Amino acid sequence: MIPVPLRAVAAHLRLGPMPWLLALAVTALGMSLLLPAGHGLVELCGRLSLALLADPAARALLLPAPGLLAGGWVLMVLAMMPPLVSAPLAHLWQTTAHAGRWAAVAPFALAYLAVWSLAGLVLLPLALLLASGPAALPLLLGAALIWSASPTAQAARNRCHRMRWLPAGRIRAARAALDYGLAHGGACLGACWPWMLVPLAVQGGHGAAMVLVAVFLLVERAMPATPALWRVPPGIVALYGLAPSRSRHLTGLRRF
Amino acid sequence: MAGTRKDIAKLNGPWSDEMLWYARAVRALQGRAPADRTSWWYLAAIHGIDIPGWVQQGIVPSAGSLPPQGEQDLIFNQCQHAGWFFLPWHRGYLAAFEAILDAWISTQPGGPQDWALPYWNYLSDSNPNGRAIPQEFLDPTLPDGSANPLSQVRRNGMQVLGPQPWFPGDISLSAQTRSLPFTAAPGTEGYGGAISGFAQQGSLTGAVEGDPHNRVHVMVGGVQPVAGWMSDPDYAALDPIFWMHHCNIDRFWAAWMSDPANQQEASGAWSNGPFPRQFLMPNPAGGGDVFLPGQTLPGGPLAPVYDSLHDGTGIAQAVAGGPVTEGAMITSRQAGGSALLGSNSAPLTVAATPAATEIAIPARAATEFAAPPGLGPEPRLYLNLEGVRGAAAAGVLQVHLRLPGEGGGLRLADTVALFGLGKASSTEGVHAGNGLSLAIDITDLAREIQMAAPGALERLSVELSQPGAPETEITVERVSLYRQEMG
Numbered sequence: 205m206i207p208v209p210l211r212a213v214a215a216h217l218r219l220g221p222m223p224w225l226l227a228l229a230v231t232a233l234g235m236s237l238l239l240p241a242g243h244g245l246v247e248l249c250g251r252l253s254l255a256l257l258a259d260p261a262a263r264a265l266l267l268p269a270p271g272l273l274a275g276g277w278v279l280m281v282l283a284m285m286p287p288l289v290s291a292p293l294a295h296l297w298q299t300t301a302h303a304g305r306w307a308a309v310a311p312f313a314l315a316y317l318a319v320w321s322l323a324g325l326v327l328l329p330l331a332l333l334l335a336s337g338p339a340a341l342p343l344l345l346g347a348a349l350i351w352s353a354s355p356t357a358q359a360a361r362n363r364c365h366r367m368r369w370l371p372a373g374r375i376r377a378a379r380a381a382l383d384y385g386l387a388h389g390g391a392c393l394g395a396c397w398p399w400m401l402v403p404l405a406v407q408g409g410h411g412a413a414m415v416l417v418a419v420f421l422l423v424e425r426a427m428p429a430t431p432a433l434w435r436v437p438p439g440i441v442a443l444y445g446l447a448p449s450r451s452r453h454l455t456g457l458r459r460f
Numbered sequence: 028m029a030g031t032r033k034d035i036a037k038l039n040g041p042w043s044d045e046m047l048w049y050a051r052a053v054r055a056l057q058g059r060a061p062a063d064r065t066s067w068w069y070l071a072a073i074h075g076i077d078i079p080g081w082v083q084q085g086i087v088p089s090a091g092s093l094p095p096q097g098e099q100d101l102i103f104n105q106c107q108h109a110g111w112f113f114l115p116w117h118r119g120y121l122a123a124f125e126a127i128l129d130a131w132i133s134t135q136p137g138g139p140q141d142w143a144l145p146y147w148n149y150l151s152d153s154n155p156n157g158r159a160i161p162q163e164f165l166d167p168t169l170p171d172g173s174a175n176p177l178s179q180v181r182r183n184g185m186q187v188l189g190p191q192p193w194f195p196g197d198i199s200l201s202a203q204t205r206s207l208p209f210t211a212a213p214g215t216e217g218y219g220g221a222i223s224g225f226a227q228q229g230s231l232t233g234a235v236e237g238d239p240h241n242r243v244h245v246m247v248g249g250v251q252p253v254a255g256w257m258s259d260p261d262y263a264a265l266d267p268i269f270w271m272h273h274c275n276i277d278r279f280w281a282a283w284m285s286d287p288a289n290q291q292e293a294s295g296a297w298s299n300g301p302f303p304r305q306f307l308m309p310n311p312a313g314g315g316d317v318f319l320p321g322q323t324l325p326g327g328p329l330a331p332v333y334d335s336l337h338d339g340t341g342i343a344q345a346v347a348g349g350p351v352t353e354g355a356m357i358t359s360r361q362a363g364g365s366a367l368l369g370s371n372s373a374p375l376t377v378a379a380t381p382a383a384t385e386i387a388i389p390a391r392a393a394t395e396f397a398a399p400p401g402l403g404p405e406p407r408l409y410l411n412l413e414g415v416r417g418a419a420a421a422g423v424l425q426v427h428l429r430l431p432g433e434g435g436g437l438r439l440a441d442t443v444a445l446f447g448l449g450k451a452s453s454t455e456g457v458h459a460g461n462g463l464s465l466a467i468d469i470t471d472l473a474r475e476i477q478m479a480a481p482g483a484l485e486r487l488s489v490e491l492s493q494p495g496a497p498e499t500e501i502t503v504e505r506v507s508l509y510r511q512e513m514g
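Protein chains in written order, with the working numbering: chain A, 205 to 460; chain B, 28 to 514.
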């Protein structure tokens with residue numbers, strides 16, 4: 205007998221564009237794992253320092269082509285983020301006329317991807333510098349959990365639930381979809397950015413770490429909006445609901 | 028175990044035994060601490076709570092008197108509106124409330140062992156005074172002279188349901204008597220609402236939720252000078268009449284499901300409920316139980332028993348007899364799809380003066396709607412108000428369509444009660460500020476317009492106004508037109 209929460213999860217994963225987005229994520233994950241050995245983001249993380257980056261010779265020796273680096277980052281985003289935009293994509297699809305659906309979805313998706321891609325300009329160097337040594341993973345994981353618990357992250361998650369309805373007119377609608385994608389991407393970035401550093405600190409099992417973080421972010425995204433206060437990270441509360449009921453008292457989260 | 032739920036008007040009232048025990052139990056629950064899971068305050072906060080407002084009004088002594096934040100996150104602010112969990116969530120909520128009251132009543136000296144929530148049958152066929160708020164909710168005292176906890180509420184003096192200067196509309200059984208799927212396709216009407224996750228304000232209001240549910244809430248609470256408790260989801264369950272109102276709404280659903288012509292949703296996504304946040308209710312022992320929508324269906328542990336599913340429900344009686352339980356359960360069926368035909372091009376602001384807009388739709392869509400091909404069911408047309416926002420706790424909007432021609436007048440499409448407007452518009456709380464969205468069936472009116480002037484539907488003129496003397500603005504992000512594809 206499948207536990208009820210898992211049945212509920214399975215049923216909701218079949219709704220709307222989620223199956224397609226999961227397929228996209230799995231494809232991107234597979235491609236990111238196929239990147240040339242020694243040139244992946246993970247191999248680089250922690251091997252750099254500000255001093256090395258300042259030295260052109262060392263930089264040329266260590267850094268792969270910028271295109272490869274950027275490609276690795278975009279693949280990582282595509283492997284982790286698509287399921288998070290299932291709700292706004294479904295909303296856009298359902299509230300746009302048949303003839304204009306792709307013209308609405310495409311600008312939204314491109315704008316969303318652009319936000320995350322540009323974020324790589326900051327997050328990638330940060331990861332290359334920080335994700336090193338045995339302490340990197342617990343430190344980055346702890347920082348991400350603290351971020352998730354913060355009012356700032358909750359406010360960003362709340363903005364992820366904001367919906368927009370596109371106006372009439374192809375150009376007006378496309379511009380509004382672009383704005384929507386930028387705003388949604390900004391909110392998503394605000395909620396999730398420290399989590400993107402975590403898989404980069406995992407040298408063995410980087411792909412598995414990406415999947416685990418993506419699942420965590422998806423359940424945080426699925427939690428309803430709530431006042432922006434310090435609180436137990438919603439992803440922890442949500443995953444806790446999947447635990448067998450007899451073990452729930454162990455964490456002390458559920459007081460019932 | 029609770030007994031059979033009965034019509035307040037058919038008890039030996041006013042102040043029948045059932046209502047006297049209700050009042051005593053409410054008083055007992057009001058005497059419990061706000062953090063007590065069986066207290067009146069705790070139970071009301073499960074529906075919705077505005078903590079600063081509750082403290083300011085003296086409803087609770089302080090924010091610190093409430094349970095810890097972690098517990099609040101799990102159980103407060105759960106009410107489901109504008110989505111397909113509206114009916115099952117409120118059924119589970121009523122069951123938990125009834126069980127807690129019953130646990131207290133049945134242990135009192137002389138207390139009945141089969142007490143059940145009465146319902147307010149405001150559209151009763153047999154009671155011409157059904158629309159009047161039952162006397163027990165108006166009397167300042169109980170028969171023994173003590174203060175009446177059922178009337179110590181904020182209601183703006185409302186006593187009878189029906190048209191008011193600020194609400195020139197009425198309640199009806201329209202949701203009961205039309206042929207509707209349970210689940211709405213986007214932009215259309217369903218009996219129970221559109222697909223949603225855990226949503227205190229989902230994407231589209233269901234038919235029975237719009238009328239009579241929302242209308243009764245706003246008519247009882249009133250909107251001026253300040254919205255009464257029943258008009259605001261964060262206060263509504265503090266008014267003892269809330270529970271009698273929802274008991275009747277729940278009976279409407281039970282009656283609707285007893286009609287073999289209707290199709291009840293039973294898909295896995297509906298039956299298993301939302302996730303990660305689930306529906307959680309306290310029990311009389313002070314613990315908590317998660318419940319699933321599937322458990323509220325006929326034959327399930329949360330299915331109630333009513334004395335009548337026919338008086339005032341719009342559902343004809345198939346078989347004469349005594350107490351009736353819910354009848355035929357139909358397997359789930361997905362309704363046909365829908366398509367957006369067109370929308371206006373800019374948001375509207377409705378203040379003291381009306382606001383007008385136009386929706387352009389392709390000529391072919393207008394022609395196809397006016398003369399649908401084929402022999403199947405005719406498609407229906409829905410006017411949508413999407414992203415309706417305002418600062419007031421509740422509001423009222425009148426929606427008119429302009430008839431074609433130079434002297435074309437206005438025809439009323441609907442008067443809508445915006446229950447929970449302020450809460451749905453806030454970006455600070457649990458709604459993300461998406462506002463309210465609703466669909467109005469304008470099929471007949473649209474055909475009339477198209478027949479009066481072929482081509483008139485291609486540029487449909489819509490006018491929105493706030494009746495009465497509104498002091499606050501209401502904005503509408505988009506006005507649009509959807510066609511329902513009959514499945």
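Glycine included, C-beta positions come from ideal geometry on N, C-alpha and C. These numbers come from a predicted model, not from an experiment.
For chain A, is any of its Cβ atoms less than 8 Å away from the one on residue i?
i, result
"Gln290 of chain B", "no"
"Phe225 of chain B", "yes"
"Ser43 of chain B", "no"
"Phe7 of chain B", "Here chain B covers residues 28 to 514 and nothing more, so residue 7 of chain B does not appear."
"Phe302 of chain B", "yes"
"Ser258 of chain B", "no"
"Gln96 of chain B", "yes"
So, with DSSP's three-state summary, where would you put residue i?
i, result
"Glu490 of chain B", "strand"
"Ala60 of chain B", "coil"
"Ala288 of chain B", "coil"
"Gly196 of chain B", "coil"
"Ile357 of chain B", "Here the model assigns Ile357 of chain B a pLDDT of 45, short of 50, so the residue's position is not dependable, and the following value carries that caveat. The answer is coil: DSSP assigns Ile357 of chain B none of H, G, I, E or B."
"Thr204 of chain B", "helix"
"Pro309 of chain B", "strand"
"Tyr149 of chain B", "coil"
"Pro350 of chain B", "Caution applies to Pro350 of chain B, whose pLDDT of 45 falls short of 50 and renders its modelled position unreliable; the value that the coordinates give is listed next. Coil, per DSSP."
"Gly422 of chain B", "strand"
"Ile386 of chain B", "strand"
"Leu114 of chain B", "helix"
In chain C, which residues lie with their C-beta within 7 Å of the C-beta of residue i?
i, result
"Pro431 of chain A", "Given the protein chain composition of this structure (A and B), no chain C is represented."
For my contact list, residue i and residue j are in at a C-beta cut-off of 8 Å; report their separation, rounded to the angstrom.
i, j, result
"Val278 of chain A", "Ser321 of chain A", "6 Å"
"Met284 of chain A", "Ala229 of chain A", "7 Å"
"Glu455 of chain B", "Pro431 of chain A", "6 Å"
"Ile469 of chain B", "Leu410 of chain B", "5 Å"
Give me the residue from the options with the minimum Cα distance to residue i.
i, options, result
"Pro221 of chain A", "A:Gln298, A:Met414 and A:Val436", "A:Gln298"
"Ala383 of chain B", "B:Asn371, B:His337, B:Ala366 and B:Ser201", "B:Asn371"
"Gly462 of chain B", "B:Gly447, B:Pro41, B:Leu472 and B:Val317", "B:Gly447"
"Ala307 of chain A", "A:Arg376, A:Arg218 and A:Ala340", "A:Arg376"
"Val314 of chain B", "B:Asp266, B:Ala126 and B:Gly436", "Note that residue 314 of chain B corresponds to Gly in the displayed sequence, not to Val. With distances taken between Cα atoms, Gly314 of chain B lies closest to B:Ala126."
"Trp434 of chain A", "B:Pro389, B:Gly300 and B:Gly97", "B:Gly97"
"Ala343 of chain B", "B:Arg205, B:Trp48 and B:Pro406", "B:Arg205"
"Leu238 of chain A", "A:Ala214, A:Ala212, A:Gly275 and A:Arg218", "A:Gly275"
"Ala234 of chain B", "B:Ser66, B:Val426, B:Glu504 and B:Gly217", "B:Gly217"
"Ser507 of chain B", "B:Pro331, B:Gly449 and B:Pro374", "B:Pro374"
"Arg379 of chain A", "A:Gly411, A:Phe312, A:Pro292 and A:Ala227", "A:Phe312"
"Leu430 of chain B", "B:Pro170, B:Gly449, B:Gln477 and B:Gly414", "B:Gln477"
"Thr323 of chain B", "B:His337, B:Gly339, B:Asp338 and B:Phe306", "B:Phe306"
Establish whether the CB of residue i and some CB of chain B are separated by less than 8 Å.
i, result
"Leu219 of chain A", "yes"
"His410 of chain A", "no"
"Arg435 of chain A", "yes"
"Arg211 of chain A", "yes"
"Ala387 of chain A", "no"
"Ala442 of chain A", "yes"
"Met427 of chain A", "yes"
Under 8 Å, CB to CB, which of the residues in the segment 447 to 477 of chain B have a partner in chain A? Cβ contacts with chain A: Thr454, Glu455, Gly456, Val457, His458, Ala459, Gly460 and Asn461.
Positions along the segment 363 to 376 of chain A whose CB lies within less than 9 Å of some CB in chain B: Within the segment 363 to 376 of chain A, contact with chain B at the beta-carbon level (separation under 9 Å) is assigned to Arg363, Cys364, His365, Arg366, Met367, Arg368, Trp369, Leu370, Pro371, Ala372, Gly373 and Arg376.
Give, in chain order, every residue of the segment 409 to 440 of chain B whose Cβ lies closer than 8 Å to some Cβ of chain A. Under the 8 Å Cβ criterion, the segment 409 to 440 of chain B contributes Glu413 and Gly414.
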